[in-house]
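Number of protein chains: 2
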Amino acid sequence: MRIAVLGTGMVGQTLAGRLEELGHDVTVGTRDPEAARARATPGESGTPAFSVWHAEHPRVRLATFAAAAEHADLIINATAGGASLGALTATGAENLDGKVILDLANTLDFSHGFPPSLSVANTDSLAEQIQRAHPTAKVVKSLNTMSCTVMVNPAGVPGDHLVFVCGDDAAAKAAVVELLRQLGWAQGAIFDLGGLGAARGTEMILPLWLSIMQKLGTAEFNFAIARA
Amino acid sequence: MRIAVLGTGMVGQTLAGRLEELGHDVTVGTRDPEAARARATPGESGTPAFSVWHAEHPRVRLATFAAAAEHADLIINATAGGASLGALTATGAENLDGKVILDLANTLDFSHGFPPSLSVANTDSLAEQIQRAHPTAKVVKSLNTMSCTVMVNPAGVPGDHLVFVCGDDAAAKAAVVELLRQLGWAQGAIFDLGGLGAARGTEMILPLWLSIMQKLGTAEFNFAIARA
Chain A
1381 MRIAVLGTGM VGQTLAGRLE ELGHDVTVGT RDPEAARARA TPGESGTPAF
1431 SVWHAEHPRV RLATFAAAAE HADLIINATA GGASLGALTA TGAENLDGKV
1481 ILDLANTLDF SHGFPPSLSV ANTDSLAEQI QRAHPTAKVV KSLNTMSCTV
1531 MVNPAGVPGD HLVFVCGDDA AAKAAVVELL RQLGWAQGAI FDLGGLGAAR
1581 GTEMILPLWL SIMQKLGTAE FNFAIARA
Chain B
1381 MRIAVLGTGM VGQTLAGRLE ELGHDVTVGT RDPEAARARA TPGESGTPAF
1431 SVWHAEHPRV RLATFAAAAE HADLIINATA GGASLGALTA TGAENLDGKV
1481 ILDLANTLDF SHGFPPSLSV ANTDSLAEQI QRAHPTAKVV KSLNTMSCTV
1531 MVNPAGVPGD HLVFVCGDDA AAKAAVVELL RQLGWAQGAI FDLGGLGAAR
1581 GTEMILPLWL SIMQKLGTAE FNFAIARA
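Which chain is which? The protein sequence lines are A and B, in order.
For the first sequence, my numbering gives the first residue as 1381, with consecutive numbering after it.
For the second sequence, my numbering gives the first residue as 1381, with consecutive numbering after it.
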């Protein structure tokens, strides 16, 4: 499948690298490809500079947001949540029309300290904002409730933990579920919450996720549900 | 222990009944005890009228918010989240001074449909509001991330599911942890998130909890964490 991964940070690198390994035709989209190629300093939390990562993943192409999305069947929004709407505007409505957008971003705002707040929450969600801004795209929210290492390697965390998925278009959701299966998620670990409004709930779990991460001292965990 | 349970609804009834069974001296607090005694119609979702429930739990006393809290060592806020600040104002600062307040309420607002929003979220929490309104009380947030039947009977849901606890006063948190242990929570199932600011995270999990409940068709489940 031709996949555009928007975002050159840790999440974008991790998704793009794994999807390319799985045989997909992957293009990473960024605002300024030349700037991304030139950047040589590591990002926060030790993320390799994109140029360093790219040298190790030569089959992944790098392009502008628009060029990456233009020929893609599925577009993954792995930009920082606060920048996602701008990145998708730069991608262009014509390159998103009819496409599946898998949104895994969170609008974390650390400007007021820890725990962070969300810049969109409660009565709206980033996923719904994206859907309203691009009504002919098919937005699916998933994978945003865990670290990117768990996204692409669910078996790295033992037990019956879950990935939530929601969206208003059944076919788009099915395409995302198929991608989740390829990433290693068992069918029973994929929890369909229904329509895209449920993204409010999965985005709002982030502050708790961060508190738990801080207490455990690791991001290598995931939410599960015990039931009677 | 002398415990005041504020609130006559399903959560208040369930907590008060179980704590009385465990040997505690329990008084349920309500705005108007005579009105509560006179109410004969069941509440939403089949909750028994308080008078019916009370006839089956004659050792639980009923009093005003203030009278219930006056002699209590620990006060449980089991009122509806949107009414909690008013209920605690009616309880009176003199009856809350130095006391532990276990807050298990959520500010769910269904007035805009499903999924509900929260009337306090993201940059604040109900627990912090209560603490600010009653600075000499010791507020602990816990048990708000599950149905009341699971609160008092964790073994009813199999597996290693969790109860979160947070608060700024270590002794108050220890008192609540002791109560959780009496309710059947194993030490390893009690996840201390730290200070009261973490209540934002546990309160914000409610929309997701409700979406999951709707999909599972039951409230008999709870969150768990799988970790590497």
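Ideal Cβ placement from N, Cα and C applies to all residues, glycine included.
Item, Value
"Meets three-Cβ-pair contact criterion under 8 angstroms: the segment 1546-1562 of chain A and the segment 1493-1502 of chain A", "no"
"Backbone CA spacing between A/D1412 and A/L1386 [nearest angstrom]", "12 angstroms"
"8 angstroms Cβ cutoff met for A/L1465 and A/Q1511", "no"
"Buried versus exposed call for A/Q1567 [16 or more other C-beta atoms within 10 Å across all chains shown]", "exposed"
"Where the alpha helix (DSSP H) containing B/N1475 begins and where it ends", "A1473 to L1476"
"Classification of A/E1490 by the beta-carbon crowding that lies within 10 angstroms, buried from 16 upward", "What sits at residue 1490 of chain A in the sequence shown is Phe, not Glu. Exposed: under 16 other Cβ atoms inside 10 Å."
"Beta-carbon proximity list for B/A1384, same chain, < 6 angstroms, skipping 5 on both sides", "T1407, G1409, A1448, A1449, A1452 and I1455"
"Top-ranked residue by Cα proximity to A/V1440, from A/N1457, A/L1402 and A/A1460", "A/L1402"
"Within chain A, partners of B/E1508 - CB distance below 7 angstroms", "None at all; the shortest Cβ gap to chain A is about 12 angstroms."
"Outcome for A/E1614 when other beta-carbon atoms lying within 10 angstroms are tallied against a minimum of 16", "The first residue shown for chain A is 1381 and the last is 1608, placing residue 1614 of chain A beyond what the model contains."
"Where the beta strand (DSSP E) through B/G1547 begins and ends", "V1543 to G1547"
"Neighbour flag for B/M1584 against chain A, beta carbons, 8 angstroms", "yes"
"Three CB pairs or more closer than 8 angstroms across the segment 1412-1428 of chain B and the segment 1476-1489 of chain B", "no"
"Distance between A/A1579 and A/G1484 (C-alpha atoms, nearest Å)", "Per the sequence shown, the amino acid found at residue 1484 of chain A is Leu instead of Gly. Those two C-alpha atoms are separated by around 10 angstroms."
"Residue environment, A/R1398, which counts as buried when at least 16 other CB atoms sit within 10 Å", "buried"
"Buried versus exposed, by CB contacts within 10 Å (16 or more), B/E1583", "buried"
"Any alpha helix (DSSP H) of 4 or more consecutive residues that is wholly inside the segment 1451-1490 of chain A", "1464-1471 and 1473-1476"
"Residue-chain proximity (A/F1601, chain B), Cβ-Cβ < 8 angstroms", "yes"
"Beta carbon proximity, A/N1486 to chain B, threshold 8 angstroms", "no"
"Chain A residues whose Cβ lies nearer than 9 angstroms to that of B/V1537", "A1606, R1607 and A1608"
"Contact set for A/A1429: own chain, Cβ-Cβ below 8 angstroms, skip 5 residues either direction", "R1419, A1420, T1421, P1422 and G1423"
"B/V1557, enclosing alpha helix (DSSP H) - first and last residue", "A1550 to Q1562"
"Residue of A/G1461, A/A1463, A/S1522 and A/A1470 minimising C-alpha distance to A/A1443", "A/A1470"
"Any C-beta of chain B under 8 angstroms from that of A/G1462", "no"
"Proximity of B/G1536 and A/A1473 at Cβ, strictly below 8 angstroms", "no"
"For A/G1409, the three-state DSSP class (helix, strand or coil)", "strand"
"Coil, strand or helix - A/I1585 by DSSP", "coil"
"B/R1580 at chain A interface by Cβ criterion, 8 angstroms", "yes"
"Rounded C-alpha distance that separates A/L1488 from B/W1565", "32 angstroms"
"Check whether A/E1600 and A/V1530 have beta carbons under 8 angstroms apart", "yes"
"Listed by chain order, chain B residues near A/K1479 by CB distance under 9 angstroms", "What A/K1479 touches in chain B: nothing, since even the nearest Cβ is about 26 angstroms away."
"Start and end residues, beta strand (DSSP E) containing A/L1395", "Note, A/L1395: premise wrong, no beta strand (DSSP E); alpha helix (DSSP H) at M1390 to E1401."
"Supposed contact pair A/L1560 and B/S1591 - C-beta distance, whole angstroms, cut 8 angstroms", "Not a contact, Cβ separation roughly 18 angstroms."
"Chain B within 8 angstroms of A/I1570, Cβ atoms only", "no"
"Chain-ordered residues of the segment 1490-1501 of chain B with a beta carbon less than 8 angstroms from chain A", "H1492, P1495, S1497, L1498 and A1501"
"Proximity test, Cβ basis, 8 angstroms: A/S1591 and chain D", "Among the protein chains in the structure shown, which are A and B, there is no chain D."
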